[in-house]
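Top to bottom, those sequences are chains A and B.
Position one of the first sequence corresponds to residue 96 (the numbering used here), numbered consecutively onward.
Position one of the second sequence corresponds to residue 96 (the numbering used here), numbered consecutively onward.
Worksheet: the structure to be examined is printed underneath.
There are 2 protein chains.
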Amino acid sequence: MSGEFTRIAKYFAPLAGTEGRGLTDDAAVFTPPPGRELVLTVDQMLEGVHFLPNDAPDLIARKLLRRNLSDLAAMGATPLGYLLTVALTQTVDEAWLQGFAKGLAHDQTEFGITLFGGDTSSSRGGIALSATLIGHAAPNAALSRNGAKPGDAIWVTGTIGDAALGLRARLGQLEDKTGFLVQRSLLPSPRVGLPLAGIANAAIDISDGLVQDLGHMCKGAALSAVIRAGLIPASPEAAALGPDYLEARLTEGDDYELLLAVPPGKGGALKAACNGLPITKIGMFQAGTGVHVLADDGTLMSFAKGGWEHF
Amino acid sequence: MSGEFTRIAKYFAPLAGTEGRGLTDDAAVFTPPPGRELVLTVDQMLEGVHFLPNDAPDLIARKLLRRNLSDLAAMGATPLGYLLTVALTQTVDEAWLQGFAKGLAHDQTEFGITLFGGDTSSSRGGIALSATLIGHAAPNAALSRNGAKPGDAIWVTGTIGDAALGLRARLGQLEDKTGFLVQRSLLPSPRVGLPLAGIANAAIDISDGLVQDLGHMCKGAALSAVIRAGLIPASPEAAALGPDYLEARLTEGDDYELLLAVPPGKGGALKAACNGLPITKIGMFQAGTGVHVLADDGTLMSFAKGGWEHF
Chain A
96 MSGEFTRIAK YFAPLAGTEG RGLTDDAAVF TPPPGRELVL TVDQMLEGVH
146 FLPNDAPDLI ARKLLRRNLS DLAAMGATPL GYLLTVALTQ TVDEAWLQGF
196 AKGLAHDQTE FGITLFGGDT SSSRGGIALS ATLIGHAAPN AALSRNGAKP
246 GDAIWVTGTI GDAALGLRAR LGQLEDKTGF LVQRSLLPSP RVGLPLAGIA
296 NAAIDISDGL VQDLGHMCKG AALSAVIRAG LIPASPEAAA LGPDYLEARL
346 TEGDDYELLL AVPPGKGGAL KAACNGLPIT KIGMFQAGTG VHVLADDGTL
396 MSFAKGGWEH F
Chain B
96 MSGEFTRIAK YFAPLAGTEG RGLTDDAAVF TPPPGRELVL TVDQMLEGVH
146 FLPNDAPDLI ARKLLRRNLS DLAAMGATPL GYLLTVALTQ TVDEAWLQGF
196 AKGLAHDQTE FGITLFGGDT SSSRGGIALS ATLIGHAAPN AALSRNGAKP
246 GDAIWVTGTI GDAALGLRAR LGQLEDKTGF LVQRSLLPSP RVGLPLAGIA
296 NAAIDISDGL VQDLGHMCKG AALSAVIRAG LIPASPEAAA LGPDYLEARL
346 TEGDDYELLL AVPPGKGGAL KAACNGLPIT KIGMFQAGTG VHVLADDGTL
396 MSFAKGGWEH F
């Protein structure tokens, strides 16, 4: 096994932008884009919690970046670069590192970001990873999850619940004939680059489950949300599994789609901003508290679990 | 045990600056100081690797910040704020979290920083922590570890090797009568705020051991370093343990003192910049490669281990 500094030079230094100074310095240095605000977010991925021990390293790397890119997307920010922490167990070999670095390189190109810096360590528990993403936005244009207003429509991008079902398929609990659900679980599609400033009053990315994340928007705005289960967009693969999986789709995490609060007159502008990305109106914010999910017959549904909490 | 969002609101939200938006948003937003470059660094601390399971949580928190502040110090940057990741095992209780938050609060005040954001998770291995520190510096003023020139004197702040000896005391391998060495191991003093731009040609903080970190400076500048063991500053407590511990003092990590490359004529300016902080000249950079440590009689010393590597 190669040593720590050899591994940094071999696998990570080629990923560094000029800000990263070849990963030989104590910190990254960069000139912020003039006249812009900076948007910073950090997310972890831990073995046994966020990924399974046998998951492919390139997909782990890409999901790590994409979870964070999704946070920037929810703020309406343009990604710029990232810092990385990597704590490795003794079982990690060169092939794993090579795959991991390849995944980072792939998504760096796809999303136009470079590595600014990081920290490597050994780990006595499982593999532990984190990425700090740096983005930018026009002054006062960064979205908040707390800005919803009464009467705002609730819109959601893409389809909801694929990742929750994909995780079950990976655990052997259901069959995913096409592999679509598993793919959605392993490799989310962060909705970066949508010009939502001036259109959406609030935005959040769905990481802990639609009901829970919508609950955060409600709490932040001191409002309630009423949504119709029948309107919540399902992929054909998820729809084929039937209503037994509705609760899982709405309360489990990892969708990385955007939930948006949009004033009634701005649906057209929203669709134009989304530029072909499917987007669906599922309900409305109004006075009150809590998230209310209505069945097709108008009755209120209740779920055993609100959404994902770590502890 | 309280849930994840309750814990965030209770222990971490009170630490957030305005940039952190009460920790209720997907990311932090801030306006970079105009006309300044940003300096970013990230370091991890993992249970069983960087701290012992029974270490006091407030000191773990403070060391986490200080390790990163030391990286900013080595760049000559002024700290502004930080993002935090916290992955907790099921054994972590409210008292631990309270102590941890108290430690963060203490050093936020001491170093003039606030919490910008973060991520909490459960962990199936030990506790895993990271902090991303954000600082700023004048354009082109951030120091590099790679700028040493032939003839530059090698200076070091404070005393070297206390933390390595303190760790041995904590493991019961030696006696630390006054508690000074243990304190230096648990709570480093990052040398932030020294106005080194225009004085030092290069700087690095000593985290992996003096010999190894000096080696990084040599490699970065394609130079060699000659230092005299007898000149390397020892605290009275370290000196009292005698020459048997010299190798440990020079090759083990966690000092968080600064190593500086300073042109011959600038020793006076350096002392003025350090404003009373003890600083010692221990050798010189010259043509060649490698770090050469000379004993009092001028013979070359050799050490079994160059310094700390994680793998």
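C-beta: ideal position from N, C-alpha, C; glycine also.
Pair within 9 angstroms by beta-carbon distance, residue i and residue j
i        : j        : result
Ser330/A : Phe275/A : yes
Arg219/B : Glu114/A : no
Met140/A : Arg162/A : yes
Ala233/A : Glu132/A : yes
Gly261/A : Val277/A : yes
Asp121/B : Ala243/A : no
Ile377/A : Pro328/A : yes
Asp350/B : Leu289/B : no
Thr180/A : Ser217/A : no
Arg240/B : Ile299/B : yes
Val321/B : Met379/B : yes
Gly112/A : Gly176/A : yes
Leu269/B : Ala324/B : no
Gly348/A : Ser319/A : no
His311/B : Thr119/A : yes
Gly221/A : Asp153/A : no
Leu238/B : Leu309/B : no
Ile374/B : Lys361/B : no
Leu147/B : Arg279/B : no
Pro358/B : Ala236/B : no
Pro127/A : His231/A : yes
Ala182/A : Val144/B : yes
Interface partners of residue i on chain E, CB under 8 angstroms
i        : result
Ala169/A : The chain inventory of the structure shown lacks chain E, comprising the protein chains A and B.
Sheet register partners of residue i (DSSP bridge)
i        : result
Met170/B : Met170/B pairs with nothing; no bridge assigned.
Thr252/A : Ile374/A
Leu353/A : Asp300/A
Asp214/A : Thr180/A
Arg265/A : Arg265/A pairs with nothing; no bridge assigned.
Expected contact under 8 angstroms - CB spacing of residue i and residue j to nearest Å
i        : j        : result
Thr215/A : Glu99/A  : 6 angstroms
Leu228/B : Arg286/B : Incorrect: roughly 14 angstroms between the Cβ atoms, too far for contact.
Ala123/B : Leu135/A : 5 angstroms
Tyr106/B : Ala190/B : In fact, because the Cβ distance is near 11 angstroms, the residues do not count as touching under 8 angstroms.
Chain B within 9 angstroms of residue i, Cβ atoms only
i        : result
Phe380/A : no
Glu352/A : no
Gly362/A : no
Pro127/A : yes
Ile322/A : no
Gln139/A : yes
Ile249/A : no
Leu133/A : yes
Phe107/A : no
Ala223/A : yes
Leu179/A : yes
Pro234/A : yes
Asn241/A : yes
Exposed unless 16 or more other CB atoms sit within 10 angstroms - verdict on residue i
i        : result
Asn296/B : buried
Lys400/A : exposed
Asp271/B : buried
Leu345/B : buried
Leu159/A : buried
Gln307/B : buried
Met96/B  : Note that Met96/B scores a pLDDT of 47, beneath 50, so its modelled location is shaky and nothing firm can be said.
Gly212/B : buried
Ala333/B : buried
Gly207/A : exposed
Pro283/A : buried
Gly383/A : exposed
Ala335/B : exposed
Gly363/B : exposed
Ala317/A : exposed
Pro129/A : exposed
Asp138/B : buried
Cβ of residue i within 9 angstroms of any chain A Cβ
i        : result
Ala390/B : no
Asp339/B : no
Val144/B : yes
Gly385/B : no
Gly304/B : no
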